[in-house]
Structure formats: C-alpha cells, structure tokens
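Structure, as structure tokens:
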Amino acid sequence: MNILVEETRAGVVDNVHLGHIAVVNADGKVLYHYGDPNYMTYGRSALKPMQAIPIIETGAADHFQFEDADLAIFCASHSGEERHRSRVRAILKQIGKDEHDLECGVMAPISKTSNEELIRSGQKADPVCNCCSGVHAGMLATAVYLGEDTHGYVHKDHPVQRRVAQAVANVVGLPVTEIHTGLDGCDIPTYYLPLKHLAWGFARLAQPKGLDESQQNAIVRIVEAMDKRPDMVTEKNIYSAKLIRAFEGRILAKEGAKGVFCLFDRERELGVAVKIADGGAEPIPAVVNEILRQLDIGTNGPLDELTSYDRESIKNIPGHVVGYMEPRFSLSQTSRGV
206 MNILVEETRA
216 GVVDNVHLGH
226 IAVVNADGKV
236 LYHYGDPNYM
246 TYGRSALKPM
256 QAIPIIETGA
266 ADHFQFEDAD
276 LAIFCASHSG
286 EERHRSRVRA
296 ILKQIGKDEH
306 DLECGVMAPI
316 SKTSNEELIR
326 SGQKADPVCN
336 CCSGVHAGML
346 ATAVYLGEDT
356 HGYVHKDHPV
366 QRRVAQAVAN
376 VVGLPVTEIH
386 TGLDGCDIPT
396 YYLPLKHLAW
406 GFARLAQPKG
416 LDESQQNAIV
426 RIVEAMDKRP
436 DMVTEKNIYS
446 AKLIRAFEGR
456 ILAKEGAKGV
466 FCLFDREREL
476 GVAVKIADGG
486 AEPIPAVVNE
496 ILRQLDIGTN
506 GPLDELTSYD
516 RESIKNIPGH
526 VVGYMEPRFS
536 LSQTSRGV
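For the sequence shown, the numbering used here begins at 206 and goes up steadily by one.
This is how it looks when you write it as structure tokens:
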C-alpha cells in the first residue's frame, strides 16, 4: 500500500490515506516519485491556470483590457466573497453578458461568512457565487471576442473547449487525441491524466520550455497575475494561500477536487502533483509540507511559517485535540523522462 499519511488517535493508527506523488522538471524528467507516477487522475480545478491560456492567446484579454485581478480570477476556485463576486460581475458587464449566461450552475459561496452575509441581505445565490464562475467568465469572453455562439460554451465540441483542450494538452505534453475527458463539477470538461504529466504541466508553468512563443507569453502573464493577486485565486486562510504567501511568489499552488494538489517551484523549475487516493483533502497540507522538506525547498525559512501542518492536529467537536495527521512516506529518486 502507498500510505501517505496515518491518522493517529490516542497514540494508535485510526485511519490511513493512500496516494501518489510525482515530481517532474521542466524538461519532462521524473526526478522523484512515491507510489505510481503514472497513476491516472482527473486534474479538476488544478488545471485552471492552463485552461485560462486561450483567454490571452485569442486576443480576448487585450481586447477587453483585462487586469491582473481578472486574469487571476480566471484561474480561481474562489470562495464567493464580495470581492470575487463583484470582479466576476464586472467582467461579465465588460463582455456584454450577465450571470444568466454562465453555465456553471448555482452554488452558495464557499466562504461561510460570505454565505451568511448573502442570506442576511436577502439575496439568493446565483452562478456568480459558484467557485468556478471566474474561469467560466473567461471562457465566455473568448467566445464573445471571436463572435461565436456563447450558448453551450461548456460542451467539449464547442470551439471554446476545443481551444482549452489543445492548450492543456500542449502544456502537459500529451496529444489531445490521447486525453480522455469527463465533466467537472461546474460542467466544463476535465482531463484524465497520468500524474507525472500533471506535474510536468506545472513545471512548465514555472518554466514554459518546449512551448511556442504565444503559449509562453500567455503562461508568463497568467503566473504573474496569480502571483500579484492571490486574493482573487482562493480564500486567504486555506493552506494553498498560506503556502504562496510564505514563499513570496517562489511557489504557486492550485488545488483540485477529490484530493488533487499541484504546485511549482520557480527557483528549481519543478512541478509537483499529489493525488490522495480516497479523494479527501484533509491530508494534503501534511503531505505537501513533507514533500518540500524532503526536497529541501524552503527549509531555510518559509516552511517555518507552516509548521502547524507538519503534524496537523485533529480536533473533535468541542475543540479538543484527539489525534494527528502524520506523513509516512519517502520520495524515491528517479531520472526517467515523462
């Protein structure tokens, strides 16, 4: 079994989380792994920085004069706070659309505080509150700019999604015809990838080697926007946001649903992809902290700000510590290509 984390309670093992890790450089070399680097998984929302590439490549970003905050929210799994909702509404107004044109579905804001504020104000949740409304607004922008039918822009055979699929395929280093697709929670296609290709894609976000100039330029702009406006990408108090702040732009991270977590290290031009086999997100902070420690990334300071996740405590309903999340893996070194 590929045990990543043990949950202990009163000094004994109560539960285990299995999973897989791939660490790949920008040239496509698998440098380290745990478990199976070929493990297949849907990339889910971790792919959003790649899915945003056509917004720039088509010329839509320049045409609509999108700012860094806009580009950042196109990559977001935002928490539905007022700043997120108002930014998405401004983008929709800019492209001549409104919330009724979003095909991501209605969900309440992830932020408990924002959801309670919405309820107290007598407002109802709408598609803008959906954590994926940013990427949907960006996709709509490309269709509007190119004069395409915006209805059904989520369908995999729509020109919008064909462009997105090709962009993702290019960055992860696979032919688009070889990538199986499914539907994500927000109704756009998501891509079923070997973990090592997901990691390679993130390494290329750090250093876009082997991609054409247009894609390289788009990636640079997207990464810079995420770096400058992390407040648009995710909720400020979750692990990925704290990780980005601690490393001051050296590392950018993006989580996906069902136990997917990816990051890249600009300094060493590495991409890391993690998949928790049971789909749970709880073990991810302890796992990622341990990966960085084993790779000697941030051990001279930044990781000191995240030590509470090294052996993260498990609390019961009254708030008492009843156990811990404890990493139980060692990365294996390899040098094979993707």
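Glycine included, C-beta positions come from ideal geometry on N, C-alpha and C.
In angstroms with no decimal places, state the Cα-to-Cα distance between residue i and residue j.
i	j	result
Val369	Val235	25 Å
Leu497	Lys441	21 Å
Asn335	Thr512	32 Å
Glu472	Ala231	12 Å
Met245	Asp509	33 Å
Lys447	Tyr350	36 Å
Ile443	Val492	15 Å
Glu304	Asp331	7 Å
Arg516	Pro314	30 Å
Ser291	Gln538	46 Å
His289	Asn320	13 Å
Glu272	Lys433	11 Å
Tyr396	Glu287	30 Å
Lys361	Arg367	6 Å
Pro399	Gly406	11 Å
Gln546	Ile502	Outside the shown range of the chain (206 to 543) lies residue 546, about which nothing can therefore be said.
Arg409	Glu322	40 Å
Cys391	Pro254	16 Å
Glu211	Ile456	26 Å
Lys401	Arg325	46 Å
Pro523	Tyr514	20 Å
Ala478	Val465	7 Å
Asp354	Asn521	51 Å
Ala295	Pro532	43 Å
Gln270	Ser445	28 Å
Tyr237	Met312	38 Å
Asp483	Ala348	37 Å
Pro413	Glu429	13 Å
Thr382	His363	16 Å
Ala266	Gly506	37 Å
Ile278	Ala346	13 Å
Glu474	Ile449	16 Å
Glu495	Asp436	25 Å
Leu388	Asn243	21 Å
Asp219	Val333	40 Å
His268	Asp417	21 Å
Met530	Met431	29 Å
Per DSSP, residue i is paired with what?
i	result
Ile324	The partner list for Ile324 (beta bridge, DSSP) is empty, contrary to what the question assumes.
Tyr397	Tyr247, His385
Thr213	Val218, Tyr529
Ile226	Tyr239, Val479
Ser537	His238
Ala342	In DSSP, Ala342 forms no bridge with anything.
Cys467	Lys459, Ala478
Gly503	Paired residues: none, contrary to the question.
Gly378	For Gly378, which the question treats as bridged, DSSP gives no partner whatsoever.
Ser518	Tyr529
Ile185	Lying before the first or after the last residue shown, residue 185 is absent from the chain, which here runs from 206 to 543.
Ile208	Leu223
Gly542	Lys234
Please check the pair residue i and residue j, which I expect to be a contact at CB under 8 Å, by giving their CB distance rounded to whole angstroms.
i	j	result
Ala411	Phe452	That belief does not hold up - the Cβ atoms of Ala411 and Phe452 are roughly 12 Å apart, past 8 Å.
Ser316	Ser284	4 Å
Cys337	Ser282	7 Å
Val581	Ile393	The structure shown does not extend to residue 581, since the chain is modelled only from 206 to 543, so the question has no answer here.
Val572	Cys280	Coverage of the chain is limited to positions 206 through 543, which leaves residue 572 absent and any answer about it impossible.
Look at residue i and residue j and say whether their C-beta atoms are less than 8 Å apart.
i	j	result
Thr252	Ile427	The identity of residue 252 in the sequence shown is Leu, whereas the question assumes Thr. No. Outside cutoff.
Gly542	Gly233	yes
Met344	Val377	no
Leu500	Val228	yes
Leu307	His341	yes
Ile553	Gly216	Not covered by the structure: residue 553. The range shown for the chain is 206 to 543.
Gly485	His222	yes
Val293	Gly339	yes
Val526	Ser518	yes
Leu209	Pro490	no
Pro380	Ala374	yes
Gly454	Cys467	no
Gly264	Ile481	no
Check whether the Cβ of residue i lies closer than 8 Å to any Cβ atom in chain C.
i	result
Pro399	Considering every chain present, this structure includes no chain C. It has just one protein chain.
Is the beta carbon of residue i within less than 7 Å of some heavy atom of the ligand ATP?
i	result
Val438	For the ligand ATP, the structure offers nothing, since it holds no ligand at all.
Exercise. Would you call the region 457 to 467 and the region 294 to 301 touching, i.e. three or more CB-CB distances under 8 Å?
Worked result: no
Problem set entry | Cβ contact (3+ pairs, closer than 8 Å) linking the region 416 to 432 and the region 260 to 279 | yes
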